[in-house]
Amino acid sequence: MLIQYFSNFKYISNTIKSMKQYFIYIVASLAVLIGCTTPKPAEVVSPDGHIRLAFALDGNNRMTYQIQVNDTTFITPSLLGFQSKDGVNLSENFRMTGIDFDTKDEVWTQPWGENKELRNHYNEMAVHLSDTTATKLTLRFRVFDDGIGFRYEYEVPGVDSLLLTDELTSFNVAQDGTSWSIPANYETYELLYRTQPLSTIDNANTPMTFKTGNVYASIHEAALTDFPEMTLKNIGGCGFKSELAPWPDGIKARFASNSFKTPWRTIQFAPKAVGLINSALILNLNEPCALETTDWIRPMKYVGVWWGMHLGVESWVINDRHGATTANAKRYIDFAADNNIEAVMFEGWNEGWENWGGTQAFDYTKPYADFDMEEIAHYAKEKGIEIIGHHETGGNIFNYEKQLDKAYQWYADLGIHCVKTGYAGGLPDGYNHHGQFNVRHYRNVVKTAAKYHTTLDVHEPIKDTGIRRTYPNMMTREGARGMEWNAWSEGNPPEHHVMLPFTRLLGGPMDYTPGIFDILYERAKKNPSRKQWNMKDSKDCRINTTLAKQIANWVILYSPLQMAADMIENYEGHPAFRFFRDFEADCDWSEALAGEPGEFVVIARKAKDKYFLGAATNEYARDVTVNLDFLEKGKTYKATIYADAKDADWETNPTAYEISEKQVTADDTLTISMKRGGGQAVSFIPDNH
Ligand code: NOJ
Ligand code: CA
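Just so you know, we're using our numbering here: the sequence shown kicks off at 209 and counts up by one.
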């Protein structure tokens, strides 16, 4: 024991010499040498000094960390480490062999994103440890002004593989508070959000957002590329522990080598809820871009042969209601070309839909007989429209992997460089959607797509942990209850859209597929060939928002591939569709201006010289006043306002909207009036545009 602390002391003395001023290292060993029994922790603070993270070995030499925010304990001592099969020690009797401190302050750019330019500013503490059997571990802690991240880097000499059975990482939150989360589930994130005291949560998926005292926080993970997903399990009071999605044999993670690095475990902190949205913590903790070129990657607005299937007026499978026919494809391409929309997506174009829910055997290079792929690709090219391909797997990833290269090559040969994928169905052989096996599959698809200069929109994905920084062709994904639920279930309640930005979207973009204008499905109800195909008949379903809120969601629910999801006949001639024509999927700057989880949100974005604002509320009407000081000073803009009409109400009068115009500058304020379940969208176009 004494020797252990003595060696720490020698090491620390050396480190202190090179240590920069802002790192506080309290010498653990010194305390022991002068007769105290409790070692003091190693600490690292945020660049602005308000977040303080301390690492310590407890009385039993178990690894722990704790966090203070604004000098108040936020996370009380919480365990770290893993358990493994076959007796490899990954958590006990460790001793510190050294500490390295570092700092970084850089600005980096990305090819697309909410903000093209991001600042990565943190202080790092890397704690090096080893145990008596020579397991080596570096615990790398990074503390930013907007949160913390840490990861494990293990090396176990003398073994050739590692099987993890449990993760011990805990988050013992010091105080109770309100939380917003979905339940933990290894198969799906398409679940409704819960607002409840933190202490009453049994389990949750991440990002799990909460407020205790005056601090908003969200627990999540970054850079999940070869590990199972982390969910959170309550271990008493406001304490949570990581629960990893297992392999079919119960093992949580396996490595065919003697070392592994985990994803980052993250906690974002902000004094206001919108601070969580404006944080780049998750992206900053991912590796820089691994692709040689990115000039082939571009954000796009799109429409698609899609909603008709969900409403039951068209079908994926070939029959007399088939949606993806050559004639319909051309109609959508024409509409896109006429409306400043870059791309069109077609579902149900390939053989195999007759097996959906059965063998899930799709063929990714065989179009149905009434869908002439070559002719459609040629037609789209002539009109300057991109095609977004579609690969539904039904969860049969073995069938997909067998065809992967061929499928992406085939599309690339046709000039198709963007693909929506889907995993709607259980995986075979006891695998789940969110375990390490499938995480590896998702990453494999991203890398394969990149080989063919193809971008991705993944439905039923693994959660977003910011890997778009490393692979910017991984553009958008679903991973929450999207629009489709409104077609065949009780639907997404008004609070859902003002919950997503503070929870799911902290991970990254979402392909929610917003913008349904036929809120009550009047057209579908008149269609005699409509059929029920899923949970509820669409005649009993509807959209639970006003029309203005549907428009606002194009701004609020950020996606670099942004869909106008309705059937195009519901947009043709509709005055409010002008917003989408003017809108840009690409974006240079964004800021969440105001909001509270589950209540309301206001977000502004800049795209070239235009600005767009989206505001939405839950089932309560409210007025919010915002400063327009984000606009460029000295310029005058034409603001076109798409608002709820005075008598609009999501339940009783959802389609009542008003469009008005006015001249504004950066010195003005704007009062946004939203009715129950409503919203507002504004485009700001400079006078000289
Ligand atoms: C679920 C996806 O989320 C949806 O967008 C798609 O239409 C269906 N699966 C069929 O692929
Ligand atoms: Ca889905």
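All C-beta atoms in this analysis are idealised placements derived from N, C-alpha and C, irrespective of residue type, glycine included.
For clarity, every value in this text was computed on a predicted model and none was experimentally measured.
- Around the beta carbon of Asn835, a 10 Å sphere encloses fewer than 16 other beta carbons of the protein chains shown; the residue is thus reported as exposed.
- Where Ile605 is concerned, the enclosing alpha helix (DSSP H) starts and stops at Ile605 to Asp621.
- The closest heavy atom of ligand 2 lies 7 Å or more from the beta carbon of Gly602.
- Under the DSSP definition of a beta bridge, Val552 partners with Val511 and Ile595.
- Residue ranges of uninterrupted alpha helix (DSSP H) with 4 or more members, entirely inside the segment 652 to 707 and ordered along the chain, are 693 to 696.
- Relative to the non-hydrogen atoms of ligand 2, the Cβ of Gly842 never comes closer than 7 Å to any of them.
- From the listed residues Asp580, Ile593, Ala250 and Thr533, the smallest Cα separation to Asp542 is found for Ile593.
- One thing to note: Met691 has its Cβ no nearer than 8 Å to the Cβ of Leu664.
- Non-local beta-carbon contacts of Leu484 in its own chain, meaning distances under 7 Å to residues more than five positions away in sequence, involve Thr417, Tyr424, Ser426, Gln476, Ala478, Phe710 and Leu714 in chain order.
- DSSP, reduced to helix, strand and coil, places Asp637 within a helical segment of the structure shown.
- Taking every protein chain shown into account, the CB of Thr408 has fewer than 16 other CB atoms within 10 angstroms, so this residue is exposed.
- Under the DSSP assignment, Trp762 falls in the alpha helix (DSSP H) whose first and last residues are Leu755 to Ile764.
- Across the set Thr311, Tyr510 and Gly716, the C-alpha of Tyr510 shows the shortest separation from the C-alpha of Glu550.
- Within the same chain, Cβ atoms closer than 6 Å to the Cβ of Ile849 are found at Ser868 and Val890, the five residues on either side in sequence being excluded.
- Between the alpha carbons of Gln291 and Ala481 lies a distance of about 35 Å.
- Taking C-beta atoms as the reference points, Asn328 and Asn492 count as a pair closer than 8 Å.
- Taking the C-beta atoms as reference points, His705 is found nearer than 8 Å to Asn761.
- Excluding residues up to 5 positions away in sequence, Gly690, Met691, Met771 and Ala773 lie with their Cβ nearer than 6 Å to the Cβ of Thr721 in the same chain.
- In this model, Leu298 and Leu347 are separated by some 12 Å (Cα to Cα).
- Distance between Thr860 and Trp797, taken at the CA atoms: about 36 Å.
- By the C-beta density criterion, Ser746 is buried, having at least 16 other C-beta atoms within 10 angstroms.
- Taking Gly445 as reference, the option from Gly781, Pro405 and His599 with the minimal CA-CA separation is Pro405.
- Taking Pro391 as reference, the option from Leu839, Ala262 and Ala412 with the minimal CA-CA separation is Ala412.
- Between Phe379 and Ile283, the C-beta gap is smaller than 8 Å, which places the two residues in contact.
- Shortest gap from the CB of Ala632 to any heavy atom of ligand 2: under 7 Å.
- His336 sits close to Ile307, with the two beta carbons spaced by under 8 Å.
- In this structure, Tyr572 and His530 do not form a Cβ contact; the two beta carbons are roughly 18 Å apart against a cut-off of 8 Å.
- In the three-state DSSP reduction, Tyr729 falls in the coil class, being neither helix nor strand.
- Here the alpha carbon of Ala851 sits roughly 24 Å from the alpha carbon of Glu840.
- Put simply, the backbone Cα of Tyr679 is about 19 Å away from that of Ala793.
- Minimum Cα-Cα distance from Asn301 among the listed residues Lys293, Gly289, Gly643 and Phe309 corresponds to Gly289.
- The beta carbons of Gly643 and Gly603 sit about 13 Å from each other, so the pair does not count as a contact at 8 Å.
- Rounded to the nearest whole angstrom, the C-alpha separation of Pro496 and Gly674 is 11 Å.
- Rounded to the nearest angstrom, the gap between the Cα atoms of Gly699 and Tyr650 is 28 Å.
- Ligand 2 has a heavy atom closer than 7 Å to the beta-carbon of Gly690.
- Residue state for Leu440 is assigned as strand, using DSSP reduced to three classes.
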